[in-house]
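Participant: Sequence lines, in order, name chains A and B.
So the first sequence is numbered by my numbering: it starts at 21 and just counts up by one.
So the second sequence is numbered by my numbering: it starts at -5 and just counts up by one.
All C-beta atoms, glycine included, are put in the ideal place defined by N, C-alpha and C.
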Amino acid sequence: MFSKRNVTTYAIAFAFILVLNFLLPRMMPGDPLMAIYGDEALIAMTPELRAQLVERFALDQSLWQQAGAYFLALFQGELGHSYYYNAPVLTVILGRLPWTLLLVGTSLVLSTVLGIVLGLESGWRRGSRADRAMLAGLMSLNGFPDFFLGMLLLIIFGAGLGIFPLAGALTPYSGLSGLALVLDILRHLFLPVAALTLSHLASGYLLTRNTMITVLKEPYMLTARAKGLPPRILKYRHAGRNSMLPVVTSTGIWIGRVVTGAIFVELVFAYPGVGSLIYEALLTRDYPVIQGVFLLVAIFVLAANFLVDLSYPKLDPRVSYAY
Amino acid sequence: MIKRILSLIPKLLIPAIIASLLVLPSCATSPAEITSYTIADSTGDWGYPSPYTHYSRGPGYTRMSFIFETLVWKSATDFVPQLAKEWEYVEGEDAYIFRLQNNVSWHDGTEFTAEDVVFTFDYAKEHPYQLVDNTIVKSAEAVDKYTVKLYLSKPYSPFLQNVAGTQPIIPKHIWQDVSEPGKFTDPAAVIGTGPYTLADYSKEHGTYLYNAFDDYYLGRPPVKEIKFIKISEEMTPAALKEGSVSAGSIAPEIVSEMEKAGLTIITAPVAWNAKMTINHQKAPLSSKQFRQALAYAIDRESLAQITQRGHALAGSPGVIPPTSDWYNPDTPQYEYDPVRSQQLLEELGYQMEGDYFTKDGKELELELIAAADYKEVGQFIKQQLEAVGIKVDFKTLEAKTVDSKVEAWDFDLSIYGHGGLYDPSILNKVIMDEGFNSARYESNETLNQLLGAQLTEMDASQRKDMVFQIQEVYAEDLPALTLYYPKWYWAHDGSVNLFYTKDGIASGVPIPLNRMAFVK
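#1: Could you name the residues of the stretch 204 to 224 of chain A whose beta carbon sits closer than 8 Å to any beta carbon of chain E, in the order they occur along the chain?
#2: Give the straight-line distance between the Cα atoms of residue 265/A and residue 332/A, rounded to the nearest whole angstrom.
#3: Counting pairs of beta carbons, one from the stretch 488 to 498 of chain B and one from the stretch 63 to 76 of chain B, are three or more of them closer than 8 Å?
#4: Considering Cα atoms alone, identify which of 52/A, 49/A, 74/A and 217/A is closest to residue 168/A.
#5: Relative to the C-alpha of residue 38/B, which residue among 90/A, 34/A, 228/A and 292/A is closest?
#6: Report the three-state DSSP secondary structure of residue 440/B (helix, strand or coil).
#7: Per DSSP, which one or two residues make a beta bridge with residue 474/B?
#8: I'd like to know whether the C-beta of residue 329/A is nearer than 9 Å to at least one C-beta of chain B.
#9: Is there a Cβ of chain B sitting closer than 9 Å to that of residue 51/A, yes or no?
#10: Here's the rule: buried if 16 or more other CB atoms are within 10 angstroms of the residue's CB, otherwise exposed. What is residue 337/A?
#11: Check residue 518/B in the structure and name its three-state DSSP category.
#12: I'd like to know whether the C-beta atoms of residue 310/A and residue 318/A end up nearer to each other than 9 Å.
#13: Report the residue from 159/B, 119/B, 54/B and 85/B whose alpha carbon sits nearest the alpha carbon of residue 75/B.
#14: Which chain B residues sit within Cβ distance under 9 Å of residue 189/A?
#15: Could you name the residues of chain A that residue 245/B contacts, counting a contact when the two beta carbons are closer than 8 Å?
#16: Which first and last residues belong to the beta strand (DSSP E) in which residue 505/B is found?
#17: Under 7 Å between beta-carbons, which chain A residues line up against residue 501/B? List them in chain order, please.
#18: Could you tell me which uninterrupted beta strand (DSSP E) segments, each at least 3 residues in length, are contained entirely in the stretch 124 to 204 of chain B, listed from first to last along the chain?
#19: Should residue 22/B be labelled buried (16 or more other beta-carbon atoms within 10 Å of its own) or exposed?
#20: List the residues of chain B that residue 115/A touches, going by C-beta distances under 7 Å, in chain order.
#21: Name the chain B residues that come within less than 8 Å of residue 66/A, Cβ to Cβ?
#22: Ignore the nearest five residues each way along the sequence and tell me which others in residue 314/A's own chain have a CB closer than 6 Å to its CB.
#23: CA-CA distance, residue 169/B and residue 512/B?
#24: When DSSP builds the beta bridges, which residues end up paired with residue 411/B?
#25: Run through DSSP, which three-state label would residue 361/B get?
#26: In whole angstroms, what separates the C-alpha of residue 155/B from that of residue 128/A?
#27: Taking buried to mean at least 16 other C-beta atoms within 10 Å of its own C-beta, is residue 11/B buried or exposed?
#28: Run through DSSP, which three-state label would residue 204/A get?
#29: Report yes if the C-beta distance between residue 478/B and residue 327/B is below 9 Å; otherwise report no.
#30: Can you tell which of 133/A, 106/A, 193/A and 46/A has the C-alpha that lies nearest to the C-alpha of residue 270/A?
#31: Nearest-angstrom Cα distance between residue 253/A and residue 221/B?
#32: Output needed for residue 244/A: all residues of its chain with C-beta closer than 6 Å, excluding positions within five of it in sequence on either side, in chain order.
#33: Residue 51/B touches chain A at which residues, Cβ-Cβ below 7 Å?
#34: Is the CB of residue 395/B under 9 Å away from at least one CB in chain A?
#35: Quick one: does residue 227/A have its CB under 9 Å from some CB of chain B?
#36: Grouping DSSP H, G and I as helix and E and B as strand, with all else coil, what is residue 258/B?
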């Protein structure tokens, strides 16, 4: 079903991304030597140390040599060695990736499911008081950036009421294991997930609600109603499925941003994620880490695209004939 | 709602009671046992705490210094013995003799001897340790099992501070086989002589766990366990109040609130300054008189009050802060005097036309660039210079972009800051060194000669005279202008008597986490 032509398109996009990925960090002003060691007054930057670092960072090599080394290593599955973290890039990223996936993945699922359900219910009851209240509430939530909601939640439920922890993904060195550890992780997860979910809920909700309202006017809905189907089936099977297309698209875009989508929330909650990693790597001009994370982002975006492409015909078979 | 809040009170009270119970024993001066001490840090990860893998900043050194020791160390007031019991300078030979402790063992039980010290300095010749200039020690020699002689390549006045008190001593039996120290992250890489051993380090969570080393040669450390955890600076106060954190750095604005909550506040002696860098290679800024006119036009006292909300001291044009022993009170101060500033500009041939000065029909305009952190400072300077008649085009740029423009001399004025203000050797770095963080000012022969001489003058009072003269000459020439020195605060629960080390930990780290506080 997936044509050769599609594969070529993906391959070209991926190759293009790899080249950009290599060039962009190096086009930023400043170099890692300056960024990592520049403003520390206590460093004894002797000519020997400088020479060693230049060699270690391969800054004495031409762009072509660096590119050759990078692509060669990449085909061997190597992402390079981080300048700042002084560790293999893959290790650095893999240490953080599970936490980002847990955080963003959970809130992605929650905000999508909740957005669809609320959107359907709201659209079904368009014009009612419940609909208007939900619309107004979610619209105003939509106006808050996620980090602001995060800070608000942290100040109220963390610092104020002391119900939730103030930072991190788990209590360090608590000696917990098994179920107690899982509960500890969930307790740390709650506020950041809440912040992300609440701030992203509105877009799915609005999309679903709008399509729902359009769909409800379709003749086939009248037919279905005339058949005497119960409202639950009407709402979810007939109207719901047809309202999901735009949400699937927007969720697909979101999946592409899973890796970096929580930068600010991660910073507010001191949560160990890839988002805060890219932030630190940019500050220190850590080219290998920047490349590694961008590569990951590219893979996620392409994979999300691919999944959306696959799921479209299932939701709406007409798409297959659209040429 | 009220009921719910009331029901929470016991939950809030219990940690508070526990915290206050923990605080009480500290009132006694004898070393009471403390089971666990938690330190908050907003960055978290500072690298694997081994000499060649910790990140090249003060907090990285501090974490390493709980495990690795130096020949000499510092208390709140002076140098104190560490791995060396005694030391002396042999003038005729440009050498230091260190007599070592003879009851020290490495964490793996191997005996510590002079061989390890000799090895450390030899190893650093090939693999420079980031915080010590490896060209200062020419050679190291073991006189006997517990005596070491270090020959200097030339006399170096801050030797105890910058070399003997900073270079971590590593065990020969482990490191002799290590060819790539930057990648050495074995458990063996954290075997030192210090009072603590590393129990865990997590890069992604930014946490460290240390256990007391019971066979420590100065006695069992009373604090059994030290934890470093990652928490944002905004949340540190709440964590200190609830007792989940024992110590942490706090913003100046909440000092009084923390004091009311019963926490102990300590203030760092000034270690850092913000500067206005001036492109002295380019007209009209290449004129000394012009630079002086700039200095008269900027009210540094108000700048510290307004832009730093009073949590800063006004800068001294000689770099060295007034709180330092090395400060020369006769340094020219350029008290705020806009009229004098205008006079100087008129003497240089500028004429006031409308709001701004002009010369040869061209308006006097300067470009000021700075990172977003200095937005308020930059706006303040723009306003003050424009009030005098110098038009300023102020731009905020990404920090590293500013650095590279300054490095390439592609700027007029810029704002940036640096630390290390404890030992006057910093003056050589920020005046003569290459790179954006230095004024790169070498056109005054007297200044060059004085800077060179103060580094090799082994007589303390003569060195002080030179440092005094340097401040006067530098402030007269003004290749850059120190604007303010911010105040830094830490809050802690008092269970451990934290203190700021004399002239900073090692070569000048302004963090109150001297391992001695956890040992005695």
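Facilitator: With the given structure in hand:
#1: The structure shown has no chain E; the protein chains it does contain are A and B.
#2: Taking the first residue of the first sequence as position 1, residue 265/A is located at position 245. Taking the first residue of the first sequence as position 1, residue 332/A is located at position 312. Taking C-alpha positions only, residue 265/A is separated from residue 332/A by approximately 7 Å.
#3: Verdict: yes, contact present.
#4: Taking the first residue of the first sequence as 1, we reach residue 168/A at position 148. Closest in alpha carbon position to residue 168/A, among 52/A, 49/A, 74/A and 217/A, is 217/A.
#5: In the second sequence, counting from the first residue as 1, residue 38/B sits at position 44. The shortest Cα separation from residue 38/B among 90/A, 34/A, 228/A and 292/A belongs to 292/A.
#6: Looking up residue 440/B in the second sequence gives position 446. In the structure shown, residue 440/B falls within a helical segment according to DSSP collapsed to helix, strand and coil.
#7: Working through the second sequence from its first residue, we reach residue 474/B at position 480. Looking at the DSSP assignment, residue 474/B forms a beta bridge with 271/B.
#8: Walking along the first sequence from the start, residue 329/A turns up at place 309. It does not: the Cβ of residue 329/A has no partner Cβ on chain B nearer than 9 Å.
#9: Your numbering for residue 51/A matches position 31 in the first sequence. It does; some Cβ of chain B falls within 9 Å.
#10: Along the first sequence, one-based indexing puts residue 337/A at 317. Here residue 337/A is exposed, its C-beta having fewer than 16 other C-beta atoms within 10 Å.
#11: In this structure chain B extends from -5 to 514, so residue 518/B is not present and cannot be described.
#12: Within the first sequence, numbered from 1, the residue matching residue 310/A stands at position 290. Within the first sequence, numbered from 1, the residue matching residue 318/A stands at position 298. In this structure, residue 318/A does not lie closer than 9 Å to residue 310/A by Cβ.
#13: Locating residue 75/B in the second sequence gives position 81, counting from the first residue. Measuring from the Cα of residue 75/B, the nearest candidate turns out to be 159/B.
#14: Along the first sequence, one-based indexing puts residue 189/A at 169. Those are 198 and 199, listed as they occur along chain B.
#15: Taking the second sequence and counting its residues from 1, the one referred to as residue 245/B is at position 251. From the beta-carbon of residue 245/B, no residue of chain A is found nearer than 8 Å; the closest lies around 14 Å away.
#16: If you number the second sequence from 1, residue 505/B lands on position 511. Neither: residue 505/B is in no beta strand (DSSP E) and is coded neither H nor E.
#17: For this step, residue 501/B is matched to residue 507 along the second sequence. Below the 7 Å Cβ cutoff, chain A contributes 62 as neighbours of residue 501/B, in chain order.
#18: Counting only unbroken stretches of 3 or more residues, the beta strand (DSSP E) elements lying wholly within the stretch 124 to 204 of chain B are 131 to 138, 141 to 146 and 190 to 196, in sequence order.
#19: Counting from 1 along the second sequence, the entry for residue 22/B is found at position 28. Because the pLDDT at residue 22/B is just 38, under 50, the model does not fix this residue reliably, and the point stays unresolved.
#20: In the first sequence, the residue the question calls residue 115/A occupies position 95. Listed along chain B are 197 and 198, each with a C-beta nearer than 7 Å to that of residue 115/A.
#21: Translated into the one-based positions of the first sequence, residue 66/A becomes position 46. Residues of chain B passing the Cβ test: 122, 127, 128 and 129.
#22: For the purposes of this step, residue 314/A is taken as residue 294 along the first sequence, with counting starting at 1. Sequence-distant partners of residue 314/A (beyond 5 residues in either direction) whose C-beta falls short of 6 Å from its own C-beta, in its chain, are 41.
#23: The residue you call residue 169/B lines up with position 175 of the second sequence. The residue you call residue 512/B lines up with position 518 of the second sequence. When only Cα atoms are considered, residue 169/B and residue 512/B end up about 28 Å apart.
#24: Along the second sequence, read from residue 1 onward, the residue named residue 411/B stands at position 417. The beta-bridge partner set that DSSP reports for residue 411/B consists of 268/B.
#25: Here residue 361/B refers to the residue found at position 367 when the second sequence is read from its first residue. Of the three classes helix, strand and coil, the one that applies to residue 361/B here is strand, per DSSP.
#26: Counted from its first residue, the second sequence places residue 155/B at position 161. Counted from its first residue, the first sequence places residue 128/A at position 108. Residue 155/B and residue 128/A: Cα-Cα distance of roughly 54 Å.
#27: Numbered from its first residue, the second sequence carries residue 11/B at position 17. Because residue 11/B carries a pLDDT of 41, less than 50, the predicted location of this residue cannot be relied on, and no value is offered for it.
#28: For the purposes of this step, residue 204/A is taken as the residue at position 184 of the first sequence. Helix.
#29: One-based indexing of the second sequence puts residue 478/B at position 484. One-based indexing of the second sequence puts residue 327/B at position 333. With respect to the 9 Å criterion, residue 478/B and residue 327/B are not classified as neighbours on the basis of their beta carbons.
#30: As a first step, residue 270/A must be located in the first sequence, where it is residue number 250. When only C-alpha atoms are compared, the closest one is 133/A.
#31: Here residue 253/A corresponds to residue number 233 of the first sequence, with the count starting at 1. Here residue 221/B corresponds to residue number 227 of the second sequence, with the count starting at 1. In this structure, the CA atom of residue 253/A is about 57 Å from the CA atom of residue 221/B.
#32: The residue you call residue 244/A lines up with position 224 of the first sequence. Spatial neighbours of residue 244/A in its own chain (CB-CB distance under 6 Å, excluding positions within 5 residues in sequence) are listed in chain order as 254 and 258.
#33: The sequence position of residue 51/B within the second sequence is 57, counting from 1. Per Cβ cutoff of 7 Å: 60.
#34: The residue given as residue 395/B occupies position 401 in the second sequence. So, interface residue.
#35: The sequence position of residue 227/A within the first sequence is 207, counting from 1. With 9 Å as the cut-off, residue 227/A does not count as an interface residue toward chain B.
#36: What you label residue 258/B is simply residue 264 of the second sequence in a count that begins at 1. DSSP places residue 258/B in strand when its eight states are reduced to three.
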